[in-house]
Amino acid sequence: MRETKTTIKDIAKAAGVSTTTVSLVLNNKPSRISDKTKEKILKIAKEKKYVPNKLAVNLAKQSSSTFGMIIPDISNVFFAELCKGCEVESRKAGYSITFSSSDEYISTDLEYVDTMIANRVDGIIYVSSSSTDASTNQTICQKIHSSQIPFVVVDRPIDFPYAKSVLMDNEVGGYIATKHLLELGHQRIGCLTGPMQSDTSIKRLSGYKKALKEFNISFDNSLIREGDFQIQSGYDCLSYMRGLGVTAIFCFNDMMALGIYKAARDYGLKIPEDISVVGYDDIFICDLLDVPLTTVHQPAYSIGRYAVQTLLSLVRKDKNVENIVLSPSLKVRASTRRF
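For the sequence shown, the working numbering gives the first residue as 495, with consecutive numbering after it.
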């Protein structure tokens, strides 16, 4: 038989006080209630295994104590680590956080935003889909802004005047990855991008071009192949790049680099003897591969923590909340060699 849930009325009756008195004590509100009465109420609440009604508490303080986060792909290890950082920082501040994965679909982004607004979350962390165009991103941000729910844009920049953001410097990331390969003597460097409507891809490609120019190497558009940040697009890329005589491939995320690894194994090629590979993100798998992957490090966990800290500042209505831009670094491992 199911136990009857203890209510404030039950505690008040057992303690011989009013429900208002019990509520003040349990919610730790300022009052003139004696310490003896407080101890009595807390003891009874513990004995009766009282659990606060979360909905009632939230209604009383006009807060859901919940953040919502929209990410493009929960199966991508980078975003999983990002979510972990957000969750830890939210919990420290007394908030729970719900995660929604859009699978890189614009329509799903819009659907999740509507749901979060309807549920009156206290704040939203938004990582846009790579397939989302600038106009749709602005529409989504305007919708959140109009709802008066604080929000932070993370990882993928959006041009919206009221959006605070936590971003990485993607141009620097593209530059240091390409420069590393150039310094090793590679000149025909294939570049596997993400969707090119994504600002992330545009900036990383800009860094790639900047490094080529610095080494007096002409940009060759045939060496650029558009991917979708998924393993399969990396797999499909290798035969194309080998046909162009490339000696190294720079992938715009580690998942696509893993696809290159799989294709190389299937084609009987060795990394880095036959082809050097550089990834982007530095997911934990990179260091566990038989040939550990050289990659651009992005501190996903820290990005998540910074995102929540920024969101908390907005919730508190702090003044002068700043955008955050972090610089990536290169983790050189065994997947690149001198050519």
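Ideal placement from N, C-alpha and C gives every residue a C-beta, glycine not left out. Quick caveat, the model's predicted, so the values are computed rather than measured.
- In the structure shown, V809 adopts helical secondary structure according to DSSP, grouped into three states.
- Going by DSSP, A828 is part of no alpha helix (DSSP H) at all; its letter is neither H nor E.
- Annotation for L661: P651 and V819 place their beta carbon closer than 6 Å to its own, counting only its chain and skipping 5 residues before and after.
- In the three-state reduction of the DSSP assignment, H639 falls in the helix class.
- When DSSP states are grouped into helix, strand and coil, Y589 belongs to the coil group.
- Counting C-beta pairs with one atom in each stretch, the segment 791-804 and the segment 571-586 have three or more that are closer than 8 Å, which means they touch.
- Note on Q724: 16 or more other CB atoms within 10 angstroms of its CB, so buried under the neighbour-count rule.
- In this structure, DSSP gives M610 a helical state, which the three-state scheme calls helix.
- Between I564 and I611, the C-beta gap is not smaller than 9 Å, which leaves the two residues out of contact.
- The three-state reading of DSSP puts L678 in coil, since its state is none of H, G, I, E or B.
- Contact between the segment 670-678 and the segment 705-717 is present: three or more C-beta pairs spanning the two stretches fall below 8 Å.
- For A657, there is no enclosing beta strand (DSSP E), as DSSP marks it with neither H nor E.
- If the five residues before and after A506 are omitted, its C-beta is found closer than 8 Å to the C-beta atoms of S512, T513, T515 and V516, all from its own chain and listed in chain order.
- Annotated three-state conformation of D775 is strand, per DSSP.
- Boundaries of the alpha helix (DSSP H) harbouring G737: I725 to G737, taken from the DSSP string.
- In its chain, beyond the 5 residues on either side, K542 and Y544 have a beta carbon closer than 6 Å to the beta carbon of T500.
- Taking each of R682, L717 and V666 in turn and checking the Cα distance to S700, the smallest one comes out for V666.
- Nearest to Y755 by C-alpha distance, out of S559, G739, G773 and L738, is G773.
- Under the 10 Å beta carbon count, A628 is surrounded by fewer than 16 other beta carbons and is classified as exposed.
- In this structure V826 is exposed. Its beta-carbon is surrounded by fewer than 16 other beta-carbon atoms within 10 angstroms.
- Assignment of Y599 by DSSP, reduced to helix, strand and coil, places it in the coil class.
- Burial of L805 is indicated by the presence of at least 16 other C-beta atoms within 10 angstroms of its C-beta.
- F654 and Q632 have their alpha carbons spaced roughly 6 Å apart.
- In chain order, L678 and G679 place their CB closer than 6 Å to the CB of R832, counting only its own chain and leaving out the 5 sequence neighbours on each side.
- In this structure, S770 lies near T830, with their beta-carbon atoms less than 9 Å apart.
- DSSP places G701 in the uninterrupted alpha helix (DSSP H) bounded by D693 to E708.
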